[in-house]
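*Asks:*
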Amino acid sequence: MEALDALLNRVSVPRLTEPAPTPAQREVLFQAALRAPDHGQLRPWRFLTIEGQALEQMGEVLAEAVQLKGDASDAALDKARGMPLRAPLVVVVIACLQDHHKVPRSEQLLAAGCAAHGILLAAHAQGIGAVWRTGELSYAPSVAQRLGLTEGEEVIAFLYLGTPAKELREAPKVDTADFVQAWTA
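To convert, note that position 121 of the sequence shown is 315 in my numbering; the numbers rise steadily by one, no gaps.
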């Protein structure tokens, strides 16, 4: 797939099924992530892969976070447990923020976001379905702790990856004039 095709036509694919990306495809995904803009070459990111039985364990981590926030209804717990099961592979994108004299944490966070986007684009280019998910449980301290995050780290994305369960929708056409204007001093 041509680079511009991936950039212009990538869409989120929320309905995913087996199989997960192969080891060779995953290598491409992570190599693409590592090409993200990175002022100071800090590489302010890391990734966790969750699949197989670990998806169910991740569901328990999310259910635990739901209980801690006080919404322990059966429906809320079941929903949390089922979240990771929506794809055969979940990649957790973690921003690893550090104090740096030239690169503010905000730039590091953006770089980690670009790394996540690189994974999405590389997935699309390889015919892999992918969707970026977050939500309040992504930022729960108990989730960060159970995932092994350390000080200065934060989850910025749960990337769900797998085989599209149905044909991809067409990327919506958006008029660039609605978002671009010339600055006149």
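Ideal Cβ positions, reconstructed from N, Cα and C, are used throughout, including at glycine.
Indicate whether ALA230 and ALA309 have their beta-carbon atoms separated by less than 8 Å.
*Replies:* Yes, the pair counts as a contact, with Cβ atoms nearer than the cut-off.
*Asks:* With distances taken from CA atoms, which of GLY321, ALA334 and HIS311 is nearest GLU361?
*Replies:* For the residues GLY321, ALA334 and HIS311, the minimum Cα distance to GLU361 belongs to GLY321.
*Asks:* For GLY342, which three-state DSSP category applies?
*Replies:* In the structure shown, GLY342 sits in coil (DSSP, three-state: anything other than H, G, I, E or B).
*Asks:* Any idea if GLY323 is buried or exposed, counting beta-carbon neighbours within 10 angstroms, 16 or more meaning buried?
*Replies:* Classification for GLY323: buried.
*Asks:* Since ALA289 and GLU348 are thought to touch, with beta carbons under 8 Å apart, how far apart are those beta carbons, to the nearest angstrom?
*Replies:* Rounded, the Cβ-Cβ distance is 5 Å, consistent with contact.
*Asks:* Considering just the uninterrupted stretch of the beta strand (DSSP E) at ALA324, what are its terminal residues?
*Replies:* Where ALA324 is concerned, the enclosing beta strand (DSSP E) stretches over 323 to 327.
*Asks:* Straight-line CA distance for LEU228 to PRO217?
*Replies:* Cα to Cα, LEU228 sits roughly 17 Å from PRO217.
*Asks:* Could you have a look at VAL285 and say whether DSSP puts it in helix, strand or coil?
*Replies:* Residue state, collapsed to three classes: strand.
*Asks:* Among the residues of its own chain, which have a CB less than 8 Å from the CB of ALA274, if the five just before and after it don't count?
*Replies:* Once the five neighbours on either side are set aside, the close Cβ partners of ALA274 are GLY253, LEU256, ALA257, ALA259, VAL260 and LEU331.
*Asks:* Excluding the 5 residues flanking HIS233 on each side, which residues of the same chain have their C-beta closer than 6 Å to its C-beta?
*Replies:* Cβ neighbours of HIS233 beyond the five flanking positions: VAL297 and GLU301.
*Asks:* For LEU249 and TRP377, I'd like the C-alpha separation in whole angstroms.
*Replies:* Going from the Cα of LEU249 to the Cα of TRP377 covers about 48 Å.
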